[in-house]
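Worksheet: the structure to be examined is printed underneath.
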Amino acid sequence: MASTIPPLPSSQPSIHLDSPSLHTLLSPHLLIPHFRTSLPTFSLSIHSPPRLSYTLPSPSSSSSNTLLLMPCWSTDPSLPYLFVKTVTVFPSNSSFLPPLPGVHATVSLFHSLTGAPLASLDGTSLTFLRTSAVAGLASSLLSLPSSQTLLIIGSGGLSKYLISAHRVARPSINHIFIWNRTASKALELVNELRKKEPDSSTVTFDYAENLDEVIGLADIVSCATGSTNPIVKGRLLKPGAHLDLVGSFLPTMKECDDEALLRGRVFVDFEVAMDEAGELVGAFERGVLRREDVAGTLTELAGSKKEGRKRDDDVTVFKSVGTAVVDFLAAQLAYESFIKT
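Numbering-wise, the numbering used here comes out as the position in the sequence shown, counting from 1, plus 66.
Structure follows, in structure tokens:
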């Protein structure tokens with residue numbers, strides 16, 4: 067979607083886009099093609115400094131709270147925005163009754179000509195929507211077009227979004243397995259999805275009891291966990307499989323082993339993933355993989371500057387850590403779509 071230059075703030079009051087609004091404005095059917103065209107077009111003009119991270123006091127000695135600040139802005143006249151995302155990470159929120167989400171986020175969008183506020187957006191929903199759309203775009207460029215079986219590893223808040231995005235990217239998907247270390251959570255998600263599509267003859271939802279067995283069946287394996295130990299064993303991936311890693315975002319986290327990286331053509335969302343993703347950082351440190359072995363970025367894939375899958379039996383790997391660039395583009399699409407209505 068090409069950017070439409072917004073009116074000056076004096077003629078357009080600041081708005082708030084809540085979670086229901088964002089789900090209407092940023093469906094994967096809209097967001098995936100938006101990223102596909104916007105990333106190659108605007109990537110050089112969008113500036114995203116490293117995020118600022120602050121450790122906050124916590125009553126729990128076993129965990130610490132974190133405040134993250136992610137600024138971003140564009141120097142392209144057709145994309146006249148400034149953007150700030152604020153994220154709080156409070157791991158002990160799960161101990162409350164009822165439990166609270168551990169991560170909250172807000173987004174602020176400003177006009178770059180005047181600095182005046184244009185919109186505030188629900189940052190938590192925006193993060194889920196953009197993360198899953200990035201995974202869906204990568205899948206559309208790397209997975210086999212005939213992919214039928216999807217395995218989701220993890221049953222947290224992001225999982226349903228990933229399912230939707232992968233189904234948009236590959237409509238041929240007809241069997242979805244869900245695995246989680248806590249089996250009851252995976253079963254709960256399976257039952258929820260079955261209720262939403264009770265009469266569907268196009269897709270089957272199943273709980274994966276034995277992860278190692280199901281990995282070998284999956285055309286697409288999508289991981290959304292905060293694991294610090296490898297979950298996916300590369301030797302088990304079937305020829306032609308696509309491995310999607312979106313959960314880990316710190317050097318201490320790791321969702322797959324080295325063999326998965328060695329078997330696959332590895333792509334990242336942005337180059338910063340090579341400094342933040344535990345799978346890659348660890349492989350570089352051990353000499354298993356070199357930075358130059360990473361085949362390219364999502365922007366290069368979307369702009370046809372790098373070749374993705376070369377053969378049907380290639381294993382492809384996509385590692386995403388997320389940056390403010392995709393948040394920025396998602397906020398732009400939501401805002402411009404809203405003011406057109």
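Glycine included, C-beta positions come from ideal geometry on N, C-alpha and C.
Computed from a predicted model, the values in this text were never measured in an experiment.
Exposed unless 16 or more other CB atoms sit within 10 angstroms - verdict on residue i
i, result
"Thr365", "buried"
"Pro146", "buried"
"Glu345", "buried"
"Tyr120", "exposed"
"Ala412", "Any answer about residue 412 is impossible in this case: the structure gives the chain only from 67 up to 407."
"Gly353", "exposed"
"Ala249", "exposed"
"Phe333", "buried"
"Leu122", "exposed"
"Ser104", "buried"
"Ser225", "buried"
Nearest neighbour of residue i, chosen from the options [CA to CA]
i, options, result
"Phe336", "Val354, Glu321 and Val312", "Val312"
"Val387", "Lys320, Ser403 and Leu327", "Lys320"
"His241", "Ile281, Leu208 and Leu203", "Ile281"
"Gly292", "Leu283, Leu97 and Gly220", "Gly220"
"Arg236", "Leu355, Thr389, Glu351 and Leu216", "Leu216"
"Phe101", "Ser186, Ala368 and Pro164", "Ala368"
"Tyr273", "Arg260, Asp285, Lys304 and Thr121", "Arg260"
"Val200", "Thr90, Ala252, Leu118 and His95", "His95"
"Gly181", "Cys138, Asp359, Ile218 and Pro167", "Cys138"
"Tyr227", "Val298, Asn246, Gly202 and Met136", "Gly202"
"Glu263", "Ser230, Ile286 and Glu275", "Ser230"
"His170", "Gly223, Pro125, Phe176 and Pro164", "Gly223"
"Gly168", "His177, Ser124, Ser174 and Pro157", "Pro157"
"Ala204", "Cys322, Pro99 and Pro123", "Pro99"
"Lys304", "Leu283, Ser85, Cys322 and Asn295", "Leu283"
"Ala252", "Glu351, Phe333, Asp142 and Ile218", "Ile218"
"Val392", "Asp142, His113, Ser212 and Ser178", "His113"
"Thr294", "Leu302, Cys322 and Thr103", "Cys322"
"Leu395", "Pro123, Ile81 and Thr197", "Thr197"
"Phe162", "Lys376, Gly189, Pro125 and Asp142", "Pro125"
"Ser85", "Val173, Asp142 and Ser212", "Val173"
"Val144", "Arg247, Pro115 and Ser178", "The identity of residue 144 in the sequence shown is Ser, whereas the question assumes Val. Taking only the C-alpha atoms, the option nearest Ser144 is Ser178."
"Lys376", "Gly189, Pro115, Leu210 and Ser130", "Leu210"
Cβ distance (whole Å) where residue i is taken to contact residue j below 8 Å
i, j, result
"Val256", "Ile239", "That belief does not hold up - the Cβ atoms of Val256 and Ile239 are roughly 15 Å apart, past 8 Å."
"His232", "Ser288", "6 Å"
"Phe384", "Glu342", "That belief does not hold up - the Cβ atoms of Phe384 and Glu342 are roughly 15 Å apart, past 8 Å."
"Leu328", "Gly300", "7 Å"
"Phe339", "Lys151", "First, the amino acid is wrong: residue 339 is Ala here, not Phe. Rounded, the Cβ-Cβ distance is 18 Å, inconsistent with contact."
"Leu187", "Leu88", "7 Å"
"Thr154", "Leu133", "6 Å"
"Ala397", "Phe194", "Contact flag wrong, Cβ pair sits at about 14 Å."
"Pro317", "Val298", "Wrong, their Cβ atoms sit about 18 Å apart, outside the cutoff."
"Pro183", "Phe176", "6 Å"
"Ser11", "Ser140", "Nothing about residue 11 can be read from this structure; the chain reaches only from 67 to 407."
"Ala185", "Ser93", "19 Å between Cβ atoms; not a contact."
Cβ shell of residue i (< 6 Å), same chain only, five flanking positions each side left out
i, result
"Thr270", "His241"
"Gly374", "Leu207, Leu208 and Leu367"
"Asp378", "Gly306"
"Ser109", "Thr365"
"Pro296", "Lys320, Cys322 and Asp323"
"Leu130", "Residue identity check: residue 130 is Ser in the sequence provided, not Leu. Here the set comprises Thr121 and Ser124."
Chain-order list of residues whose beta-carbon lies under 7 Å from that of residue i (same chain, five-residue window excluded)
i, result
"Gly330", "Leu309, Val381, Thr382 and Val383"
"Gln214", "Ser238, Ile239, Asn240, His241 and Asp285"
"Pro106", "Thr365, Ala368 and Gly369"
"Val234", "Pro94, His95, Ile98 and Gly202"
"Asp142", "Phe108 and Ser111"
"Asn246", "Gly220, Ser221 and Ala252"
"Leu212", "Contrary to the premise, residue 212 reads as Ser rather than Leu in this sequence. Counting only Cβ-Cβ distances below 7 Å, and skipping sequence neighbours, we find Ser238."
Residues of its chain near residue i, where Cβ-Cβ distance is below 8 Å and the 5 sequence neighbours each way are ignored
i, result
"Ala349", "Asp324, Leu327 and Leu355"
"Leu91", "Leu83, Leu399, Ala400, Ser403 and Phe404"
"Thr268", "Asn240"
"Ala290", "Ile218, Ile219, Gly220, Gly222, Leu224, Ser225, Leu228, Val312 and Gly313"
"Thr363", "Phe333, Val334, Asp335, Phe336, Glu337 and Lys372"
Closer than 7 Å: residue i CB and nearest the ligand ATP heavy atom
i, result
"Gly202", "Annotation note on the ligand ATP: not contained in the displayed structure, which lists no ligands."
Check: Counting only runs that start and end within the region 313–353, where is the alpha helix (DSSP H) found for 4 or more residues in a row?
Finding: With a minimum length of 4 residues, the continuous alpha helix (DSSP H) runs that stay inside the region 313–353 are 324–329, 339–342 and 344–351.
Margin query: I'd like the ranges of any alpha helix (DSSP H) spanning at least 4 consecutive residues and lying wholly in the region 177–231.
Written below: 189–208
Margin query: Suppose only complete runs of 3+ residues qualify. What are the beta strand (DSSP E) ranges in the region 68–152, listed by chain order?
Written below: 81–83, 118–122 and 131–140
Checklist line | Complete beta strand (DSSP E) runs within the region 288–317 (minimum length 3 residues, chain order) | finding: Secondary structure within the region 288–317: the beta strand (DSSP E) runs of 3 or more consecutive residues, fully enclosed, are 308–311 (chain order).
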